[in-house]
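What follows is a set of notes on a single structure, which appears directly below.
There are 4 protein chains.
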Amino acid sequence: MNETAYAQVRVDLVDLHRVLVQSELVVWTAGNVSAKVGDGHFLIKPSGVAYERLTPESMVLCDLDGHPVEAGLKPSSDVFAHAYVYRHRPDVGGVAHTHSTYATAWAARNEPIPCVLTAMADEFGGEIPVGPFALIGGDDIGRGIVETLAGSRSPAVLLRNHGVFTVGASARDAVKAAVMCEDVARTVHIARQLGEPLPMEQGDVDRLYDRYQNVYGQ
Amino acid sequence: MNETAYAQVRVDLVDLHRVLVQSELVVWTAGNVSAKVGDGHFLIKPSGVAYERLTPESMVLCDLDGHPVEAGLKPSSDVFAHAYVYRHRPDVGGVAHTHSTYATAWAARNEPIPCVLTAMADEFGGEIPVGPFALIGGDDIGRGIVETLAGSRSPAVLLRNHGVFTVGASARDAVKAAVMCEDVARTVHIARQLGEPLPMEQGDVDRLYDRYQNVYGQ
Amino acid sequence: MNETAYAQVRVDLVDLHRVLVQSELVVWTAGNVSAKVGDGHFLIKPSGVAYERLTPESMVLCDLDGHPVEAGLKPSSDVFAHAYVYRHRPDVGGVAHTHSTYATAWAARNEPIPCVLTAMADEFGGEIPVGPFALIGGDDIGRGIVETLAGSRSPAVLLRNHGVFTVGASARDAVKAAVMCEDVARTVHIARQLGEPLPMEQGDVDRLYDRYQNVYGQ
Amino acid sequence: MNETAYAQVRVDLVDLHRVLVQSELVVWTAGNVSAKVGDGHFLIKPSGVAYERLTPESMVLCDLDGHPVEAGLKPSSDVFAHAYVYRHRPDVGGVAHTHSTYATAWAARNEPIPCVLTAMADEFGGEIPVGPFALIGGDDIGRGIVETLAGSRSPAVLLRNHGVFTVGASARDAVKAAVMCEDVARTVHIARQLGEPLPMEQGDVDRLYDRYQNVYGQ
């Protein structure tokens with residue numbers, strides 16, 4: 017990627033943060049998206065900056081240890097979690113993080129979201145797992161994400177008492193997973209309020225996942 | 017219908033997909049509307065295209081077997097369900113599909129929505145039924161829709177572990193049914209959270225349905 | 017009032033229907049507002065017209081029996097309920113009707129909303145009562161509204177299995193009551209989901225109501 | 017501060033009331049924000065004025081006893097609560113008040129919101145406490161706020177059967193606390209609907225609070 021490509025990624029990241037806001041996945045400054053650029057860097061939201069004030073230039077370029085490589089704004093407080101994911105998952109091109117309401121409610125109870133909807137089989141290929149509680153600022157959150165996703169087809173992971181991290185081939189895919197994670201977290205929650213959702217057979221989950229990953233879209 | 021009429025239908029379909037978004041019935045690309053044109057074709061949303069990028073030209077013209085009749089974008093992954101409905105219900109001019117939250121929660125539990133609101137009697141003439149679980153990609157979903165609606169006055173049907181399909185004389189009527197389906201699914205759900213809604217007498221349901229279908233509007 | 021005053025009332029009514037939409041109290045065409053003009057007439061929403069298509073000219077002028085006095089659009093299907101209220105409550109200058117979600121959920125269970133919030137004491141002066149089930153099209157709904165409100169300070173009444181009617185000195189006051197009715201219906205519902213709200217003393221309810229009605233505002 | 021500074025504060029206050037509306041923390045006119053200016057005054061919303069009609073000039077300048085110091089609009093009905101807070105908490109530069117739904121639901125049950133989310137530890141440093149029931153119009157509400165916050169790191173306090181008051185170094189900080197209070201009130205409520213959230217260890221709460229207050233942001 018060259019300088020110009022980074023410019024486009026910066027524009028896309030502003031737009032993707034706007035999607036988080038419009039999808040009501042974040043309040044105030046509590047959520048962030050990053051995108052890998054080139055082999056050894058990623059761009060991420062600056063810390064504590066209001067979404068409506070984000071500009072392409074405000075996105076912070078970091079190396080894969082999570083350190084900014086240019087003078088300017090400080091990166092998101094979650095930068096080390098993003099960095100850990102990029103170091104250990106070379107297939108990942110984008111990471112998103114939210115405290116979206118329903119997904120975080122499952123995380124507060126330390127419960128995975130069971131796969132009882134066709135839309136959930138499509139995108140997540142099974143349940144959305146919960147990783148451990150971890151403090152911000154080091155490798156603990158990143159390790160929790162990577163280890164929990166290792167046993168799953170899901171691009172989303174809940175972290176206990178915390179919120180949601182999602183990964184994707186691109187930042188847009190990660191944001192899509194964050195949007196759909198909240199959607200299924202909400203629907204399954206509401207279904208369970210008045211009884212038990214019917215289970216889906218694993219074979220059906222597999223067939224739906226395979227079709228959505230390989231046939232759906234243009 | 018001629019070429020010009022199709023152009024208007026395409027514009028209307030873009031607008032109706034916008035209604036799905038504004039009514040919060042869909043997230044990302046998970047929902048679609050189609051409209052029958054002429055005797056043997058229908059127009060439908062392209063697969064996996066974001067709602068804000070839909071244009072009149074992007075709508076895909078298909079025959080009643082669900083196959084596109086022009087080069088261009090692939091139709092919605094749900095195209096065969098729409099096609100089945102048009103083949104077996106010549107009175108239907110429009111079909112809508114969503115995973116709207118509350119309706120899908122009833123579907124996840126395999127429960128019909130009981131008719132306990134006057135607005136529900138008006139539009140649905142009784143309970144909103146639930147059809148079987150069916151995999152996407154063939155005639156199974158379409159057959160589930162048509163067979164379940166056969167025993168009902170409702171223009172909406174829930175599909176188990178999946179979501180909602182609605183039908184109407186026009187695409188706009190189908191979207192109206194989708195909007196009202198979610199509205200009553202939500203209100204009845206919330207009513208049941210703190211007790212049991214009072215039942216309505218069948219005679220009253222019949223009188224309300226008759227009046228709304230025959231007197232209401234201009 | 018003269019011709020010019022009616023023009024302003026028509027503009028205000030379009031705006032007040034927009035408030036119903038923005039406050040998420042209505043979907044599709046299911047809600048309406050009217051305003052008394054002069055001693056013997058009122059203006060009301062036309063039947064089945066989408067909110068975004070309402071114009072000042074589309075509002076229907078009716079006499080106090082609910083009959084339109086000009087050629088043009090048909091009035092709201094609820095016109096006879098509005099007319100009954102104006103005939104029996106000369107102090108009322110505006111009426112609003114919605115099926116707003118949480119209020120209608122209380123109505124579906126035939127439960128009044130208990131007064132457990134200071135904001136509810138301010139506006140409603142006590143519980144929001146529930147009136148009887150009644151069919152649309154004659155005097156039954158209007159009579160249910162007037163008789164139920166007779167024993168109450170509340171400008172809002174729930175009708176069993178149906179929805180909400182509110183009254184006010186003006187149409188704007190009626191819409192305000194509809195907005196606040198849904199707000200307190202929602203808050204009290206949510207409070208009760210996890211336990212019992214604490215009761216308020218009648219003396220405190222009286223003091224809050226008196227202050228809000230007589231001191232609040234400009 | 018000089019005349020020009022007040023002009024900017026007035027503009028900011030209009031903007032912050034807009035944030036309350038956009039964050040869905042208030043309906044109609046039920047919520048207000050104030051900002052201290054100079055040592056002995058504060059600016060506050062006028063009573064009963066719709067949010068969309070607020071202008072910088074409409075904000076009411078009051079002394080620390082809550083009395084307006086200029087001819088013009090009457091201040092918010094909650095002015096004496098704001099004044100009491102400023103008199104007893106010289107560190108406070110802004111106060112916000114809402115009846116936001118989920119927080120008010122906890123208040124209706126007289127229950128503090130337990131600290132079971134990292135985002136809650138960040139902003140509130142522990143549970144969000146509940147103060148006593150108090151009538152509007154004198155010092156009682158202000159005293160309830162100040163005394164309840166005295167034993168807490170939280171910038172937010174629930175008042176029984178009433179709503180939320182928040183404080184901050186600036187009006188913007190107070191509004192931020194109001195936004196995050198409703199967000200965590202909602203998430204913890206929803207978590208508890210289907211079980212018990214896992215507790216967090218006090219040491220972790222302390223570490224998160226310390227980091228967020230001292231490291232987060234630019």
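Chains as they are written, first to last, in this note's numbering: chain A, 17 to 234; chain B, 17 to 234; chain C, 17 to 234; chain D, 17 to 234.
For every residue, glycine included, the Cβ atom is placed at its ideal position computed from N, Cα and C.
1) What does the alpha-carbon distance come out to for the pair L41(A) and R202(D)?
2) In its own chain, which residues sit with a C-beta less than 7 Å from the C-beta of D156(A), not counting the 5 before and 5 after it?
3) Nearest chain C C-beta to Q234(D) closer than 7 Å, yes or no?
4) So, with DSSP's three-state summary, where would you put L6(B)?
5) Between which two residues does the beta strand (DSSP E) holding H98(A) run?
6) For R69(B), does the count of other Cβ atoms within 10 angstroms reach 16, so buried, or fall short, so exposed?
7) Ignore the nearest five residues each way along the sequence and tell me which others in E163(B)'s own chain have a CB closer than 8 Å to its CB.
8) Does any CB atom of chain A fall closer than 7 Å to the CB of L89(D)?
9) What are the boundary residues of the alpha helix (DSSP H) that C197(B) is part of?
10) Helix, strand or coil, according to DSSP, for L59(C) in the structure here?
11) Expressed to the nearest angstrom, what Euclidean distance is found between the alpha-carbon atoms of M17(B) and A193(B)?
12) Which of the three DSSP states is assigned to T134(B) in this structure?
13) Between the alpha carbons of D199(D) and C78(B), how many angstroms are there, rounded?
14) Compare the C-beta of T120(B) with all C-beta atoms of chain A and state if any pair is closer than 7 Å.
15) How many Å lie between G179(A) and V37(A) at the Cα?
16) Mark R26(D) as exposed unless 16 or more other C-beta atoms lie within 10 angstroms of its C-beta, in which case mark it buried.
17) Should V49(D) and A187(D) be called a contact, given that it needs their Cβ atoms to be closer than 7 Å?
18) Could you confirm whether any beta carbon from chain D is found closer than 7 Å to the beta carbon of L80(C)?
19) Three or more beta-carbon pairs under 8 Å between the stretch 92-110 of chain D and the stretch 135-144 of chain D, yes or no?
20) Does the distance from the CB of R103(C) to the CB of L80(C) come in under 7 Å?
21) Going along chain C in order, which residues have a C-beta closer than 9 Å to the C-beta of V42(B)?
22) What residues of chain C sit near E143(B), judged by a beta carbon separation below 8 Å?
23) Between A51(A) and L29(A), how many whole angstroms is the CB-CB distance? I'm expecting something under 8 Å.
24) Return the first residue and the last residue of the alpha helix (DSSP H) that T120(D) is part of.
25) Could you round the C-beta distance between Q209(D) and Q209(A) to whole angstroms and report it? I think they count as a contact, below 8 Å.
26) Give the secondary structure of H33(B) by DSSP, where H, G and I count as helix, E and B as strand, and everything else as coil.
27) Taking the alpha carbon of A123(D) as the reference point, which residue from V195(D), V173(D), A87(D) and D189(D) has its own alpha carbon closest?
28) Would you please verify whether the beta carbon of R202(C) is less than 7 Å from any beta carbon of chain D?
29) Can you tell which of G211(C), P215(C) and G233(C) has its C-alpha closest to the C-alpha of E127(D)?
30) Tell me whether V222(A) sits in a helix, a strand or coil according to DSSP, three-state version.
31) Tell me the start and end of each unbroken beta strand (DSSP E) in the stretch 145-179 of chain A that is at least 3 residues and wholly inside, in chain order.
32) Since N177(B) and M216(A) are thought to touch, with beta carbons under 8 Å apart, how far apart are those beta carbons, to the nearest angstrom?
33) Quick one: which chain C residues come within Cβ less than 7 Å of T134(B)?
34) For V65(B), name the three-state secondary structure that DSSP assigns.
35) Is the CB of L210(C) under 7 Å away from at least one CB in chain D?
36) Between which two residues does the beta strand (DSSP E) containing V76(C) stretch?
For this structure:
1) The straight-line gap from Cα to Cα measures roughly 13 Å.
2) A150
3) no
4) The requested residue 6(B) does not occur in the structure, where chain B is confined to residues 17 to 234.
5) Taken as a continuous stretch (DSSP letters only), H98(A) belongs to no beta strand (DSSP E), being part of the alpha helix (DSSP H) at V95 to H104.
6) exposed
7) G147
8) Answer no: the Cβ-Cβ gap between L89(D) and chain A never drops below 7 Å.
9) A187 to Q209
10) strand
11) The predicted position of M17(B) is uncertain, since its pLDDT is 43 and thus under 50; a value taken from the coordinates is nonetheless stated next. If I take the Cα positions, the gap works out to 25 Å.
12) Residue state, collapsed to three classes: helix.
13) When rounded, the distance between both Cα atoms is 46 Å.
14) yes
15) 16 Å
16) buried
17) yes
18) With 7 Å as the cut-off, L80(C) does not count as an interface residue toward chain D.
19) no
20) yes
21) Ordered by position in chain C, no residue passes the 9 Å Cβ test against V42(B), which lies about 15 Å from the chain.
22) Those within 8 Å of E143(B) in chain C number zero; the least Cβ separation is about 14 Å.
23) 6 Å
24) T117 to A124
25) 6 Å
26) helix
27) V173(D)
28) yes
29) Per the Cα distances, G211(C).
30) Looking at the sequence itself, residue 222(A) is Asp, so the reference to Val does not match. In this structure, D222(A) counts as helix in the three-state DSSP scheme.
31) 172-175
32) 6 Å
33) N177 and H178
34) The answer is coil: DSSP assigns V65(B) none of H, G, I, E or B.
35) yes
36) V76 to D79
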